[in-house]
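A short worksheet on the structure shown next.
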Amino acid sequence: MVESAEPPRVLVVEHEAECPPGVWGGWLTGAGLRLDVVRPYSGDPVPEAVDAYDGLLVLGGSPGPLDDERYPWLPATRALLRTAFEHGTPTFGICLGAELMTVELGGRVERRRTPQIGVFELEVLPAAAGDAVFGGLAGSPPAMLWHLEEMSVLPPGAVPLVSGTTSPHQAFRLGANAWGTQFHPEATPRIVTDWARESAVLRRAGAGADEVVGQLAAARADTERTWRPVARRWASRVRLRHAGRLLPS
């Protein structure tokens, strides 16, 4: 099959202006993907299907995954994640995105007693070694965490890939083509500075804005060296889908 001259297209659901694709989006566009960002908080409708796209990226944000009354686009986003999963569309959920996938496909998300905020060392699990996206990780990679909700029970059939901290489900794969992370590989010091501004969650965590931003700034070379290859391997899955060479399951 001849690959289209058009670049592979990824639908991106952005829940808040303060939670953009960040460096993750830059790595994807650098890998040749086109990102089509919908912003439902600004009135953009969430598409009902993913037929026009080769991948789906659902970003983080402050809502809980079932906070439908305050964020009325969440049911449509959950349904879209299910549709993408059932059609084998390469999917990546970051924090809230992973939580939405989890609750929609049979897992459970619970609220932590204390928010988890800062750069933490994680634990790569043995299953990651053979994973198409997380393969190649080793040791205790650093990652930026900023969450109050957490994935307490993964969906049936999910494969845990990364653990660590008191939130054990830091990354997982569901089926052959869907991945989710509790942590934020897209975060930059500028993004985290925006999160920290007047953040009640930050105050509940007992952390200081300068401290958290400083942690990410100090670890940025390591976090980018760690997570850039993961983004590029996911981009490879999207390109395979675009070329018609990706098995649905």
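Residue numbers for the sequence shown follow the working numbering, so the first one is 1 and each next one is one higher.
Backbone N, C-alpha and C fix where the C-beta goes; we use that ideal spot for every residue, glycine too.
My understanding is that residue i touches residue j, with C-beta atoms under 8 Å, so please give their C-beta distance in whole angstroms.
{"i": "VAL154", "j": "GLY107", "result": "Inspection of the sequence shows that residue 154 is occupied by Leu rather than by Val. Sure, about 5 Å apart at Cβ, within 8 Å."}
{"i": "SER167", "j": "GLN215", "result": "Between GLN215 and SER167 the Cβ distance is about 17 Å, and since that is not below 8 Å, they are no contact."}
{"i": "LEU35", "j": "PHE92", "result": "Contact flag wrong, Cβ pair sits at about 12 Å."}
{"i": "VAL212", "j": "GLY118", "result": "5 Å"}
{"i": "THR193", "j": "ALA143", "result": "Not really, about 18 Å apart at Cβ, beyond 8 Å."}
{"i": "SER50", "j": "ALA98", "result": "The sequence shown places Val at residue 50, rather than the Ser named in the question. Wrong, their Cβ atoms sit about 17 Å apart, outside the cutoff."}
{"i": "VAL238", "j": "LEU74", "result": "Not really, about 24 Å apart at Cβ, beyond 8 Å."}
{"i": "GLY25", "j": "THR102", "result": "At roughly 22 Å, the Cβ-Cβ gap does not stay under 8 Å, so GLY25 and THR102 are not in contact."}
{"i": "GLY30", "j": "ARG241", "result": "Incorrect: roughly 18 Å between the Cβ atoms, too far for contact."}
From the DSSP secondary-structure annotation, give me the bridge partner or partners of residue i.
{"i": "PRO142", "result": "GLU121"}
{"i": "ARG173", "result": "VAL159, TRP179"}
{"i": "MET151", "result": "VAL109"}
{"i": "VAL38", "result": "VAL13"}
If I follow the unbroken beta strand (DSSP E) through residue i, where does it start and stop?
{"i": "VAL13", "result": "9-13"}
{"i": "PHE183", "result": "No beta strand (DSSP E) contains PHE183, which DSSP labels as neither H nor E."}
{"i": "PHE92", "result": "91-94"}
{"i": "VAL250", "result": "Residue 250 is absent from the structure shown; the chain starts at 1 and stops at 249."}
By Cβ distance, which residues of its chain are closer than 7 Å to residue i, with the 5 residues on each side in sequence left out?
{"i": "LEU28", "result": "VAL10, LEU35, ALA231, ALA235"}
{"i": "ALA128", "result": "PHE134, GLY135, LEU137, LEU161, VAL162"}
{"i": "GLU16", "result": "TYR41, GLY61, SER62"}
{"i": "CYS19", "result": "LEU59, GLY60, GLY61"}
{"i": "ASP131", "result": "LEU161, ARG173"}
{"i": "VAL23", "result": "GLU186, THR188, GLU224"}
For residue i, which residues of its own chain have a beta-carbon under 8 Å away from its beta-carbon, when the five flanking residues on both sides are left out?
{"i": "THR114", "result": "ARG204, ALA205, GLY206"}
{"i": "PRO229", "result": "GLY136"}
{"i": "ASP44", "result": "VAL38"}
{"i": "PRO21", "result": "VAL12, GLU14, LEU28, LEU35, VAL37, LEU57, LEU59, GLU186"}
{"i": "GLU48", "result": "ALA76, ALA79, LEU80, THR83"}
Quick one: residues in its chain with C-beta nearer than 6 Å to the C-beta of residue i, no 5 flanking neighbours on either side, listed in chain order?
{"i": "ALA76", "result": "VAL46"}
{"i": "ARG78", "result": "LEU100, GLU104"}
{"i": "THR226", "result": "PRO141"}
{"i": "ALA217", "result": "PRO189"}
{"i": "PRO90", "result": "GLY55, ASN177, ARG237, VAL238, ARG241"}
{"i": "ILE191", "result": "GLY22"}
{"i": "ALA219", "result": "VAL119, PRO142"}
Got a sec: is the Cβ-Cβ distance from residue i to anything in chain D below 9 Å?
{"i": "VAL159", "result": "Going by chain labels, chain D is absent from the structure shown, which holds only one protein chain."}
Using a Cβ-based criterion (distance less than 8 Å to any ligand heavy atom), does residue i qualify as near the ligand FMN?
{"i": "ALA221", "result": "The ligand FMN is absent from the structure shown, which contains no ligand whatsoever."}
State the start and end residues of the unbroken alpha helix (DSSP H) segment that holds residue i.
{"i": "ASP222", "result": "209-242"}
{"i": "ARG203", "result": "200-205"}
{"i": "LEU28", "result": "22-30"}
{"i": "LEU33", "result": "LEU33 -> no alpha helix (DSSP H), and no H or E assigned at all."}
{"i": "VAL192", "result": "189-196"}
{"i": "PRO18", "result": "One point to set straight first is that residue 18 is Glu, not Pro, in the sequence displayed. Counting along the chain, GLU18 falls outside any alpha helix (DSSP H), and DSSP gives it neither H nor E."}
{"i": "GLU86", "result": "74-86"}
Whose CA, out of the options, lies closest to the CA of residue i?
{"i": "GLU121", "options": "ALA132, SER140, PRO20", "result": "SER140"}
{"i": "PRO40", "options": "ALA31, TYR53, ARG70", "result": "ARG70"}
{"i": "GLU164", "options": "LEU202, VAL124, ALA209", "result": "Looking at the sequence provided, one finds Gly at residue 164 rather than Glu. For the residues LEU202, VAL124, ALA209, the minimum Cα distance to GLY164 belongs to VAL124."}
{"i": "LEU81", "options": "GLY157, HIS242, GLU18, LEU174", "result": "LEU174"}
{"i": "TRP170", "options": "ALA178, MET151, THR188, ALA176", "result": "Before going on, a small fix: residue 170 reads as Gln here, not Trp. Nearest option by C-alpha distance: MET151."}
{"i": "LEU202", "options": "GLU86, LEU145, ASN177", "result": "LEU145"}
{"i": "PRO189", "options": "PRO156, PRO72, GLY130, ALA221", "result": "ALA221"}
{"i": "PRO156", "options": "GLY130, GLN182, PHE172", "result": "PHE172"}
{"i": "GLU86", "options": "ALA219, ALA178, ILE94", "result": "ALA178"}
{"i": "ALA196", "options": "ALA187, GLU186, ALA209", "result": "ALA209"}
{"i": "PRO126", "options": "VAL159, LEU66, ALA176, GLU14", "result": "VAL159"}
{"i": "VAL109", "options": "GLY130, PRO8, HIS147, PRO90", "result": "HIS147"}
{"i": "GLN182", "options": "LEU96, ASP131, ALA5", "result": "LEU96"}
{"i": "ALA52", "options": "ILE94, PRO72, LEU66, PRO8", "result": "PRO8"}
{"i": "LEU66", "options": "ALA200, GLU18, GLU149", "result": "GLU149"}
{"i": "ARG111", "options": "GLY130, ALA132, PRO72, GLY64", "result": "GLY64"}
{"i": "HIS184", "options": "GLU6, PRO72, GLY88, ILE94", "result": "ILE94"}
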